[in-house]
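Each remark here refers to the structure printed beneath this line.
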Amino acid sequence: MKRPTRKRRPMYQKQKICRFCSDSNLQIAYKDYSTLRHFVTERGKIIPRRISGCCAKHQRELTRAIKRARSIAIIPFTVSAA
Amino acid sequence: MRGYELCLIFQHETTEESIDQKVGSLQEKAVSIGGEIIKIEKWGKRSLKYAIKKQQKGYYCFVSLTGDNKTLHEIERMFKYDESVLRYSYIRLEESEVKAITEIPEPVKAAETKPAETKAVEEEKTTEAETTPEKTENEPAAKEIAESAEASDIEI
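Quick mapping for you: the protein sequence lines, in order, are chains A and B.
Numbered by our numbering, the letters in the first sequence go through residues 1 to 82 in order.
Numbered by our numbering, the letters in the second sequence go through residues 1 to 156 in order.
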């Protein structure tokens, strides 16, 4: 039996651009809370590349920076619900 | 010689003097082994994002230095059993990062031969550190308030 073919809904998505590639002044540093906090959810999770739009290289640098910042209590590991 | 960045979080009750003393003794040891302290960066008192040893606040101090594994052993020995140090961690710097630190403050490097002048420079740094933390403490607090406001909006 043939599987009923489902029409694929066309996906419209804006092309995401890596922030760090487009702006060379933006640096990834583990001490810099103000930039890192944009790449962490309210619960303290690292935002995936698919959503943040970072390129692979910068996402790698970001995760490293975030994990370092967590170890010295600049960024929380988790944020429990209030 | 490799470059490292050492992060020290002291208990917030520790006085500036004792911190200076500890950093000074670290400097002495590093120099005696053959390393060098490139940069001292004091953030002052900040709230920790999670409690370390039941403390919610800490005094942040970053020290950039060059050295080898002996220096790191020495650091470990100094701070591992020191109760006033909540957390210490060191991170290896890339060579380009070390260069960026050492090349910009040329006058400081020239003054290193005269110990009296370096002290003056350090004092200047401390005064800067004293004035800046107030700003840095207030800013994140304001942001947190803004964030929590956003969060509460979403929950509603």
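From the three backbone atoms N, C-alpha and C, an ideal C-beta is built for every residue, glycine too.
In this text the structure is predicted, and so the values were computed from the model without any measurement.
- A Cβ of chain A is located within less than 9 Å of the beta carbon of K49/B.
- Inclusion of S89/B and S71/A in the CB contact set at 9 Å is warranted, their separation being smaller than that value.
- At a cut-off of 9 Å between C-beta atoms, Y30/A counts as an interface residue with respect to chain B.
- Beta-bridge partners assigned by DSSP to E41/B: F62/B.
- Residue range E16 to I33 is occupied by the alpha helix (DSSP H) that includes Q27/B.
- The Cβ atoms of T66/B and G35/B lie closer than 9 Å to each other.
- R68/A has a beta carbon lying within less than 9 Å of a beta carbon in chain B.
- Counting along the chain, I66/A sits inside the alpha helix (DSSP H) bounded by residues A56 to S71.
- Between the stretch 10-20 of chain B and the stretch 58-66 of chain A, the count of C-beta pairs closer than 8 Å stays below three; the two stretches do not touch.
- Contact between the stretch 40-59 of chain B and the stretch 89-99 of chain B is absent, with fewer than three C-beta pairs closer than 8 Å.
- In the DSSP annotation of this structure, Y33/A is not part of any beta strand (DSSP E); the continuous alpha helix (DSSP H) holding it starts and ends at Y33 to L36.
- Unbroken beta strand (DSSP E) runs of no fewer than 3 residues, entirely contained in the stretch 53-101 of chain B, are found at 55-67 and 85-93, following chain order.
- Using a CB distance below 9 Å, the part of the stretch 52-84 of chain B facing chain A consists of I52, G58, Y60 and F62, ordered along the chain.
- Here the C-alpha atom of T35/A lies approximately 12 Å from the C-alpha atom of I74/A.
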